[in-house]
Amino acid sequence: MAVPTRAAMVALLHQASAPLTAQEMAARLGVHHTAVRQHAQVLIEAGMVMAGSLPPSGRGRPRTGYRLVDEPDPYRRLSLMLASAVRDGCTAREAGRKHGAMVVPTGDAVETLRAEAERLGFKPSLEDADGDRTVLVLGGCPFADIAASDPATICALHRGLAEGVAGVVGGVDVERLEVADPHQGGCRVVLRHTPAT
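Count along the sequence shown from 1, then add 41; that gives the number in the working numbering.
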């Protein structure tokens with residue numbers, strides 16, 4: 042499965058003091074360097090990793106080094122998701138799903154969704170709704186001005202993102218998104234826990 046390889050790549054890059062090449066990561070992970078490049082491209086598109094040319098170490102083409110993005114800019118991530126919707130001719134919700142499927146899990150689905158919301162600039166919190174539901178409250182909307190002018194697009198993108206993460210990590214389904222005034226914050230993603238299969 043691709044997600045564990047990406048998670049291992051992110052962990053390697055987090056520990057590295059300098060950019061790593063695809064060959065270096067492949068050797069440490071025990072996978073082919075072509076697979077590393079493919080996974081790196083997914084992480085680049087998700088706004089998590091950057092690639093750049095390394096200083097030459099001899100003749101030939103310059104080597105490419107990969108490193109984690111220091112502080113992911115929420116607006117950069119938003120623009121990448123919206124650009125992919127335009128490029129691929131899909132809805133904002135579908136673009137959100139695609140990007141959610143690229144997120145590297147940080148635990149179970151609820152924790153991964155909470156961490157991703159925080160990474161996007163929200164101030165997320167969790168509430169137990171009942172025995173089989175958890176609510177992810179998206180406080181402090183970083184996109185309040187944009188969401189106020191076009192809530193259908195921005196909120197659909199965020200719902201899709203949650204659905205993409207839930208689909209990859211498993212354990213929950215996104216039941217609904219309860220939209221609130223973006224300037225007040227507090228949109229609520231209602232998650233229904235699913236039995237293990």
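Backbone N, C-alpha and C define an ideal beta-carbon position, used for all residues, glycine too. Note that the coordinates shown come from a computational prediction; the quantities given were computed from them, not determined experimentally.
Supposed close pair residue i, residue j - CB separation, criterion 8 Å
{"i": "residue 67", "j": "residue 73", "result": "6 Å"}
{"i": "residue 206", "j": "residue 145", "result": "With 8 Å as the limit, residue 206 and residue 145 do not qualify as a contact, their Cβ atoms being about 10 Å apart."}
{"i": "residue 179", "j": "residue 230", "result": "7 Å"}
{"i": "residue 163", "j": "residue 181", "result": "6 Å"}
{"i": "residue 165", "j": "residue 189", "result": "Going by Cβ atoms, the distance from residue 165 to residue 189 rounds to 20 Å, so no, they are not a contact pair."}
{"i": "residue 201", "j": "residue 135", "result": "6 Å"}
{"i": "residue 220", "j": "residue 153", "result": "About 22 Å; that fails the 8 Å criterion."}
Identity of the residue in the options nearest residue i by Cα
{"i": "residue 167", "options": "79, 106 and 232", "result": "232"}
{"i": "residue 52", "options": "203, 89 and 101", "result": "89"}
{"i": "residue 69", "options": "158, 49 and 115", "result": "49"}
{"i": "residue 133", "options": "213, 194 and 183", "result": "194"}
{"i": "residue 174", "options": "216, 148, 182 and 221", "result": "216"}
{"i": "residue 125", "options": "192, 164, 87 and 182", "result": "87"}
{"i": "residue 64", "options": "55, 54, 77 and 221", "result": "77"}
{"i": "residue 151", "options": "135, 220 and 208", "result": "208"}
{"i": "residue 234", "options": "228, 212, 219 and 187", "result": "212"}
{"i": "residue 139", "options": "99, 83, 117 and 153", "result": "83"}
{"i": "residue 187", "options": "54, 111, 98 and 115", "result": "115"}
Span separating the alpha-carbon of residue i from that of residue j
{"i": "residue 204", "j": "residue 225", "result": "24 Å"}
{"i": "residue 121", "j": "residue 172", "result": "36 Å"}
{"i": "residue 119", "j": "residue 236", "result": "32 Å"}
{"i": "residue 155", "j": "residue 101", "result": "44 Å"}
{"i": "residue 170", "j": "residue 141", "result": "23 Å"}
{"i": "residue 109", "j": "residue 137", "result": "21 Å"}
{"i": "residue 158", "j": "residue 184", "result": "12 Å"}
{"i": "residue 196", "j": "residue 214", "result": "17 Å"}
{"i": "residue 218", "j": "residue 85", "result": "28 Å"}
{"i": "residue 117", "j": "residue 91", "result": "13 Å"}
{"i": "residue 54", "j": "residue 176", "result": "32 Å"}
Burial state of residue i (16 or more Cβ within 10 Å)
{"i": "residue 199", "result": "buried"}
{"i": "residue 75", "result": "exposed"}
{"i": "residue 127", "result": "exposed"}
{"i": "residue 42", "result": "Because residue 42 sits at a pLDDT of 35, beneath the cut-off of 50, its placement in the model cannot be relied upon, and the following sentence gives the value as read from the coordinates. Classification for residue 42: exposed."}
{"i": "residue 47", "result": "buried"}
{"i": "residue 93", "result": "exposed"}
beta-carbon residue i near the ligand NAD non-hydrogen atom, thresh 7 Å
{"i": "residue 47", "result": "Absence of the ligand NAD from the depicted structure is noted, as is the absence of any ligand whatsoever, leaving it without description."}
Test: residue i CB closer than 8 Å to a CB of chain D
{"i": "residue 99", "result": "Of the protein chains in this structure there is only one, and it is not chain D."}
Exercise. Taking three-plus beta-carbon pairs below 8 Å as touching, is the stretch 52 to 64 in contact with the stretch 101 to 120?
Worked result: yes
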